[in-house]
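Chains A and B, in that order, are what the protein sequence lines are.
Everything in the first sequence is counted per the working numbering, starting at -19 for the first residue and increasing by one.
Everything in the second sequence is counted per the working numbering, starting at 575 for the first residue and increasing by one.
Glycine is no exception: its CB is placed at the ideal position from the N, C-alpha and C atoms.
This report refers to the structure that appears directly beneath it.
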Amino acid sequence: MGLIFLTVCYLIASVTFILGLKMLSNPASARKGNLIAAAGMLIAIIGTIFLYEDNGNRLGNYEWIFGGLLIGSVIGTLAARKVKMTAMPEMVSLFNGMGGACAALISIVEFNHISKQLATNNSSEYVSSIQPTVLIIVLGLIIGSVSFAGSMIAWGKLNGKVKDFSFTGQNILNLLLLAIALGAGVCLVIHPENSFLLYGILALSLVYGVLFVMPIGGADMPVVISLLNSFTGVAAACGGFLYDNKVMLTGGILVGAAGTLLTILMCKAMNRSLINVLVGSFGGSKSASAPGAKDQGHYKEISLNDAATIMSYANKVMIVPGYGLAVAQAQHSCHELEKALNDKGVEVKYAIHPVAGRMPGHMNVLLAEADVSYEKLQEMEQANDEFKTTDVVLILGANDVVNPAAKNDSASPIYGMPILEVELAKNVIVNKRSMKPGYAGIENDLFFQPKTSMLFGDAKKVLQDLLGEMKNV
Amino acid sequence: MQNVLQWITNNQQIIYIVILMIFVGIEVIGRVPSVLHTPLMSGANAIHGVVIIGAIIVMGKAEGDNYLALILGFLAVILGTLNVVGGFVVTDRMLEMFKSKKKPNMN
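Set out below in structure tokens:
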């Protein structure tokens, strides 16, 4: 009887996952979708704890299960509640890694189970009957550990603890590691009694995960996290195979497929291919672009007072937020500036590049936190139409997404990336901390154009000073 | 060959689910605006936390004297819960911002 209810629980949960994901892709229903999926998850978890039966045996060790659930919930909630909006992406990466580790641990325990039984019964029929299970265990272990190790490195990179690191032949070494791990996996499936191979596979997969993410630049981390996210989905699905558990299978494959598509969509937003991101063309092009740093003439600086004046007397101001705004946590000051300009009768809009900030959509989340209204955020195409009628563009810590080289210079590493065409506006004011190049490591011609003026400093401080000046205008 | 066909026959339900879910997963997020990429990734991240079910089963089946299974299973439950709870809470926090600023404008 219990098992029938459990089947219903799993069915409900599977439907909520699909519905939740569907609703998450529409701004109006997204929040509800997330809650629906969470409710489905709760039903599946509670159902499993109380109704699961294996050959008529209920689950035991309740104190351990509830203890683990309690510890995980408390830490998870606190971490997720406390984290700053700007640090959201690394939090997602961290949680993703936890899921990967969980899948890897399940594989280890299940294999341990099998090798114990093998010790008492190693007839060839038994061996061939467990081979498919061992295959699933090995796959879950490899995918889960790569996802865990990779996510940890991605997390470290996003919060600045891990630096880019690459050496010649790294790609070949990576492929070799993966090939050895897969080879060892095949050996283990054929000869499941060689249990030491499992730990070899675990070690190789962890090293592979680290080396795989190491050379990829911080700006590409969103793509990597999304890819690792779909990996973890597949690892969870392996668990579904293992226990013939339909909800794990549905949820895992769903995320695996959706995550892969999302990864590709993100790459498209940057006009790059997934291979390009993974092999790390930015890392490779850095040295090539260094000698090309030709003398581009002079840039001019603008005083706070002048900047405040032209903005106050403009008809329309477009703000282009970027990574610098996120780092300086200047979203609230930005919104105040917007309000001050509105009070003076200036129309203010925001031009959001799809990959501005640390993750696609990151700027939208940050500005939303500061109560900037949704209608004022313009996506790239709309924004490019509006620049022609814009008097002042204020760029806050964005660089590569406004670099005209992406359009004009076919030798540039970012050539072909869609950009915000800010040079169509009458005036461009660029706020940056220094003249240092942006993430792609290339110079930006925009800064040397006659209509561009530079306003150096931390985005938050500059915005506050601008506000002060504006009151005197 | 015989074995492969036999395996397909024995597992046809699972194979159907896998194939259909791949298409559902792709269809369901096919037209997502780039604004929602981050929350969607985070939401998907929470959903693959369904791996917690496996961790609970491992934990619940562990014999009292099998310390490896007990300890690793316990760790797996904690990590899986972190994935689920953290994932949903982070996603909710991201989406909360979208909503709070949308309401005053709608009215």
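Positions of the beta strand (DSSP E) runs, each at least 3 residues long and wholly inside the stretch 355 to 387 of chain A, are given as 357 to 359 and 372 to 376 in order along the chain. A straight-line Cα-Cα distance of about 14 Å links residue 103(A) and residue 96(A).
Apart from sequence neighbours up to five positions away, the residues of its chain that approach residue 346(A) with a beta-carbon distance below 8 Å are 65, 66, 301, 305, 306, 311 and 337, ordered along the chain.
Proximity of chain B to residue 228(A) at the Cβ level (cut-off 7 Å) is accounted for by 624, 625, 627 and 628, in chain order.
Rounded to whole angstroms, residue 325(A) and residue 446(A) show a C-alpha spacing of 17 Å.
Within 8 Å of the CB of residue 71(A), the CB atoms of chain B belong to 660 and 664, in sequence order along the chain. In the structure shown, the three-state DSSP call for residue 207(A) is helix. Excluding residues up to 5 positions away in sequence, 188, 191 and 192 lie with their Cβ nearer than 8 Å to the Cβ of residue 154(A) in the same chain.
Proximity of chain B to residue -3(A) at the Cβ level (cut-off 7 Å) is accounted for by 621, in chain order.
Listed along chain A are 226, 229, 230 and 233, each with a C-beta nearer than 8 Å to that of residue 591(B). Comparing alpha-carbon positions, the option among 289(A), 87(A) and 27(A) lying closest to residue 453(A) turns out to be 289(A). Spanning the alpha carbons of residue 600(B) and residue 238(A) requires a straight line of approximately 5 Å. Counting other Cβ atoms within 10 Å of its Cβ, residue 666(B) reaches 16 or more and is therefore classed as buried. Contact annotation: residue 27(A) and residue -15(A) have beta-carbon atoms nearer than 8 Å. Using a CB distance cut-off of 8 Å, residue 655(B) counts as an interface residue toward chain A.
The beta-carbon distance between residue 234(A) and residue 46(A), rounded to whole angstroms, is 28 Å. This is too long to meet the 8 Å contact definition. Against chain B, a Cβ distance below 7 Å from residue 34(A) picks out 635. Cβ neighbours of residue 335(A) within its own chain (closer than 7 Å, five residues either side excluded): 249, 250 and 381. Counting only runs of 4 or more residues that sit fully inside the stretch 304 to 359 of chain A, the alpha helix (DSSP H) segments are 311 to 323 and 342 to 349, in chain order. Here the stretch 398 to 418 of chain A lies against the stretch 363 to 376 of chain A, with 3 or more beta-carbon pairs under 8 Å apart.
Relative to the Cα of residue 25(A), the nearest Cα in the group 671(B), 610(B), 608(B) and 658(B) belongs to 658(B). Contact of residue 221(A) with chain B is assigned, a C-beta pair being separated by under 8 Å.
The distance from the Cβ of residue 206(A) to that of residue 602(B) is about 15 Å, inconsistent with a contact at the 8 Å cut-off.
Distance from residue 20(A) to residue -8(A) at the Cβ level is roughly 6 Å; contact confirmed, criterion being Cβ atoms closer than 8 Å. Interface criterion met: the Cβ of residue 57(A) is under 8 Å from a Cβ in chain B. When C-beta atoms of the stretch 212 to 231 of chain A are compared with those of the stretch 132 to 152 of chain A, fewer than three pairs fall below 8 Å, so the two segments do not count as touching.
Interface annotation, residue 582(B): not in contact with chain A, CB-CB separation never under 8 Å.
621(B) is the residue among 631(B), 621(B) and 670(B) whose C-alpha sits nearest the C-alpha of residue 2(A). Residue 590(B) counts as exposed, since fewer than 16 other C-beta atoms from the protein chains shown sit within 10 angstroms of its C-beta.
Look at residue 158(A) here: in three-state DSSP terms it is helix.
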